[in-house]
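Numbering (my numbering), first residue to last: 18 to 294.
We put the CB at the ideal spot given by N, CA and C, even for glycine.
Since the model is a prediction, treat every value here as computed from it, not as a measurement.
The structure under discussion appears below in the form of structure tokens.
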Amino acid sequence: MNSAPRFVPDHTPPDRPREGALLFLARGMDLLVQEHADGVSIPTGATFPELAAAAHYLGTLDGVDCYAAGFTPDFVPPEGYKVVVARSLYKRVDDARFAVAGRALAIVEWDFTHRFCGRCGQPTQLVPGERARRCPVDKTPFYPRLAPAIIVLITRGDTMLLAHNAQFPEPMFSTLAGFVEPGESLEECVAREVKEEVGIDVKNIRYFGSQPWPFGRSLMVGFTAEYAGGDITVDRKEISEAHWFGPDDLPRIPPRLSIARQLIDAFVARVKGTAAP
Numbered sequence: 018m019n020s021a022p023r024f025v026p027d028h029t030p031p032d033r034p035r036e037g038a039l040l041f042l043a044r045g046m047d048l049l050v051q052e053h054a055d056g057v058s059i060p061t062g063a064t065f066p067e068l069a070a071a072a073h074y075l076g077t078l079d080g081v082d083c084y085a086a087g088f089t090p091d092f093v094p095p096e097g098y099k100v101v102v103a104r105s106l107y108k109r110v111d112d113a114r115f116a117v118a119g120r121a122l123a124i125v126e127w128d129f130t131h132r133f134c135g136r137c138g139q140p141t142q143l144v145p146g147e148r149a150r151r152c153p154v155d156k157t158p159f160y161p162r163l164a165p166a167i168i169v170l171i172t173r174g175d176t177m178l179l180a181h182n183a184q185f186p187e188p189m190f191s192t193l194a195g196f197v198e199p200g201e202s203l204e205e206c207v208a209r210e211v212k213e214e215v216g217i218d219v220k221n222i223r224y225f226g227s228q229p230w231p232f233g234r235s236l237m238v239g240f241t242a243e244y245a246g247g248d249i250t251v252d253r254k255e256i257s258e259a260h261w262f263g264p265d266d267l268p269r270i271p272p273r274l275s276i277a278r279q280l281i282d283a284f285v286a287r288v289k290g291t292a293a294p
């Protein structure tokens, strides 16, 4: 039985050739892939040696070095290569490569947005031995940053509250989520976001799990909570509608890669007395 690919993160590039390394080339939320009859694959350093030479080391995937680099808007992919939305690679590449691709997006974005010091405007320099850029004048360090966000499944007996985000282009319902504000605990954020978006109160807020989400430069921290009172009143800005759903009358819900789906599946499994998929 084959085991799943194993990724070992690191930031110090090894002293070995980069020709055979996987090279994750990113721009914004897009990634360059090679298309072939069997699907898609990640390019190697041999195809783009100049980009590989200046790339950021990510670690190893089953012993193969992985690097990340950016490409400019005027970059023209060679024949057989295509720029795709990175999120579209879900299930087109294995889960390990998909996760490394997300890491690459975040690293490339950090490198691009911190080329100059935000205090004095001087060009920053990479810091040997760590993932950081530093201003040579005022010594301000710039590390990759994440925006923590909560995501919560609210339950009431054997039903759960799911909402349709006004920005969703499709009729999909999901759990509630929002970014943490300065000076706010995660639990306080849960209560505030729920009140703001759907107008109800919650209790028994419990940690569920977390998921890195590079497609929004965030870390999703999952919670469950129980309905404590109030009537559903959507804000009409972020949420267009919200309803209580039972396990057997679910609307269209998020794909399995998301922690939102994990929250939903875990609740359905508990109500039905089955194992979560």
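Sufficient close CB pairs (3 or more, under 8 Å) joining the region 47 to 57 to the region 127 to 135: Between the region 47 to 57 and the region 127 to 135 there are fewer than three C-beta pairs closer than 8 Å, too few to call the two in contact.
For Gly226, the three-state DSSP class (helix, strand or coil): Of the three classes helix, strand and coil, the one that applies to Gly226 here is strand, per DSSP.
Classification of Ala63 by the beta-carbon crowding that lies within 10 angstroms, buried from 16 upward: Ala63 is exposed by the Cβ-count criterion.
DSSP state of Arg148 mapped onto helix, strand, coil: When secondary structure is reduced to three states using DSSP, Arg148 falls in the coil class, being assigned neither helix nor strand.
Straight-line gap, Thr176 to His260 (C-alpha atoms, nearest Å): Distance between the alpha carbons of Thr176 and His260 is about 10 Å.
Neighbour-count burial assignment, Ala21, 16 or more Cβ in a 10 Å radius: Counting Cβ neighbours within 10 Å, Ala21 comes out exposed, since fewer than 16 surround it.
Same chain only: Cβ atoms within 8 Å of Arg173, ignoring 5 sequence neighbours per side: Glu243, Tyr244, Trp261, listed in sequence order.
Residue nearest to Glu258 in terms of C-alpha spacing, selected from Glu204, Val215, Ala149, Ala286: Considering only alpha carbons, the answer is Val215.
Three-pair Cβ contact test at 8 Å for the region 24 to 39 versus the region 152 to 163: Under the three-pair Cβ rule at 8 Å, the region 24 to 39 does not count as touching the region 152 to 163.
Reduced DSSP secondary structure (H/G/I, E/B, other) of Val93: In the three-state reduction of the DSSP assignment, Val93 falls in the coil class.
Residues bridged to Ser191 (per DSSP): DSSP lists Ala180 as partners of Ser191.
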